[in-house]
Amino acid sequence: MNSVHDMGGMHGMGLIVEEKNEPVFHEGWEGRIFAMNLAMGAWRKWNLDASRHSRELIPPAEYLRMSYYEKWIAGLIELMVKAGLVRGDEIESGTPAVGSAKAIPAVNPEQALARITTGLPAKRNVDLPARFKIGQRVRTRNVHALGHTRLPRYARGRFGNINRDHGVFVFPDTNAHFLGEHPQHVYSVCFAARELWGAQAAEKDSVYVDLWDEYLEPA
Amino acid sequence: MSDTRQHEHDHQAVPSDPALRVKALESLLVEKGLVDRAALDALVDAYENKIGPRNGARVVARAWSDPAYKQRLLSNADAAIAEMGYGGFQGEHMVVVENSAKVHNLVVCTLCSCYPWAVLGLPPVWYKSAPYRSRAVIDPRGVLREFGLELPVDVEVRVWDSTAEVRYLVLPERPAGTERMNEEALAALVTRDAMVGARKVSVSKAGSAG
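Taken in sequence, the protein lines are chains C and Y.
Residues 0 to 218 (my numbering) make up the first sequence, in order.
Residues 201 to 410 (my numbering) make up the second sequence, in order.
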């Protein structure tokens, strides 16, 4: 979806503000909501793509106003309510609804830590022939998905070269909406900075974007 | 697509103070039997105390010290990083890109905040901020200038937008004057920002993870 999360190339966002000796979490609640996001994933009611999409659904003005972890609050609530793990009225009241089922056993520390030690590989061992070869010139499709996509606006309808083939991965555009994994090759596509930004860009510079097979066509 | 009004309702339904909201949410999830508080403690502890940029710094120092390791790291980063005992969430599929006198690499995620957690820990606020995400692809040299790095025109800047599940780590140039340093001393020089490509590694400004 063409919302404000797709920020590459936008103007007016200001200078980069660095913080010396920045803590991992600035306040206790940031760590808690971060951990809740990770732990609740263990219920397998959604996937990484769906959780990214839950934050993209935050209305644009809100998205820009909210801090990073405020978006994680909104995203997690969105996911849990949609998945039926909690109800909207329970979020508002802060207590379980009368007679609501208890979802025992709770995610425990071992399960939570297993999620970070084993990770959530998105690569799939599927023997799919690659449609594009290293060095091949391609053009990205000029498509504007209404749902989740990982083809940024600045890289649509542009010419580039296949730099490397990362292998076969889950396709976020369908997976985020629980429409299947549709595994396909992901390529690192090299775009000359001038192809993307015109003559103002430095001649030798380039931007490498990881793109799924379906985003590309031969050029 | 789902109902837009429903989303607006969900997002507006939450009270305003994030600390109170999160506290209420945690209590709710615990009461509903969905999560154990100790699981949350364990995750916070892992990212506050165990998984951070010191991991990546050790990988870089090994690559600087051992040419065969560096070769493995550049050709198969997942295996080489696993040799050092690192890997897992947001580091499942790694690519390492090497800086040189002629090439400077910079990593960004314009669409959200993808970052190689397994080797760098959680990203700093600036990496996740709108200014960095919007500008790194269109004006990388301007961004680097803000970090104090002015690159000559003949240096090729390569920006890596982390749009998929591949996570990038920059292998910075080894600074001059470090020839006699051992791996541990080298690792202490390597900063988080240098492994994102926002800075170079210098001998004088060593110390902190940033």
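In this text, a Cβ means the ideal position worked out from N, Cα and C, and glycines have one as well.
The structure displayed is predicted, hence computed values, not measured ones.
- With respect to residue 357 of chain Y, residue 204 of chain C sits close: the two C-beta atoms are nearer than 7 Å.
- Under the DSSP assignment, residue 52 of chain C falls in the alpha helix (DSSP H) whose first and last residues are 47 to 55.
- Residue state for residue 76 of chain C is assigned as helix, using DSSP reduced to three classes.
- Judged by DSSP in its simplified three-state form, residue 133 of chain C adopts coil rather than helix or strand.
- Counting along the chain, no alpha helix (DSSP H) covers residue 369 of chain Y; the unbroken beta strand (DSSP E) around it starts and ends at 367 to 371.
- Of Y:301, Y:319 and Y:273, the smallest CA-CA separation from residue 291 of chain Y is found for Y:319.
- The beta carbons of residue 95 of chain C and residue 400 of chain Y sit about 54 Å from each other, so the pair does not count as a contact at 8 Å.
- Within the stretch 352 to 363 of chain Y, 353, 354, 355, 356, 357, 358, 359, 360, 361, 362 and 363 place their CB atoms closer than 9 Å to a CB of chain C, listed in sequence order.
- According to the DSSP assignment, residue 360 of chain Y belongs to the beta strand (DSSP E) that extends over 356 to 361.
- In the structure shown, residue 157 of chain C adopts coil according to DSSP, grouped into three states.
- At least 7 Å separates the CB of residue 296 of chain Y from every CB of chain C.
- Scanning its chain for C-beta atoms nearer than 8 Å, with the 5 sequence neighbours on each side dropped, one finds around residue 301 of chain Y the residues 355 and 373, in chain order.
- Counting along the chain, the unbroken beta strand (DSSP E) around residue 209 of chain C starts and ends at 205 to 211.
- Annotation note: the stretch 229 to 265 of chain Y contains no uninterrupted beta strand (DSSP E) run of length 3 or greater.
- With contact defined as three or more Cβ pairs closer than 8 Å, the stretch 92 to 109 of chain C and the stretch 232 to 242 of chain Y are in contact.
- CA-to-CA, the gap between residue 57 of chain C and residue 349 of chain Y works out to about 35 Å.
- Taking residue 174 of chain C as reference, the option from C:71, C:126 and C:146 with the minimal CA-CA separation is C:146.
- In this structure residue 143 of chain C does not touch residue 364 of chain Y by the C-beta definition: roughly 19 Å separates them, more than the 8 Å allowed.
- Rounded to whole angstroms, residue 22 of chain C and residue 14 of chain C show a C-alpha spacing of 21 Å.
- Listed along chain Y are 337, 338 and 339, each with a C-beta nearer than 9 Å to that of residue 196 of chain C.
- Here residue 393 of chain Y is buried: its Cβ has 16 or more other Cβ atoms, across all protein chains shown, within 10 Å.
- Considering only Y:303, Y:258, Y:274 and Y:245, the residue with the shortest C-alpha distance to residue 206 of chain C is Y:303.
- Secondary structure note for residue 183 of chain C: its beta strand (DSSP E) is the uninterrupted segment 183 to 191.
- The alpha-carbon separation between residue 129 of chain C and residue 171 of chain C amounts to approximately 18 Å.
- For the C-beta of residue 292 of chain Y, the chain C residues within less than 8 Å are, from N- to C-terminus, 118, 119, 120, 121 and 122.
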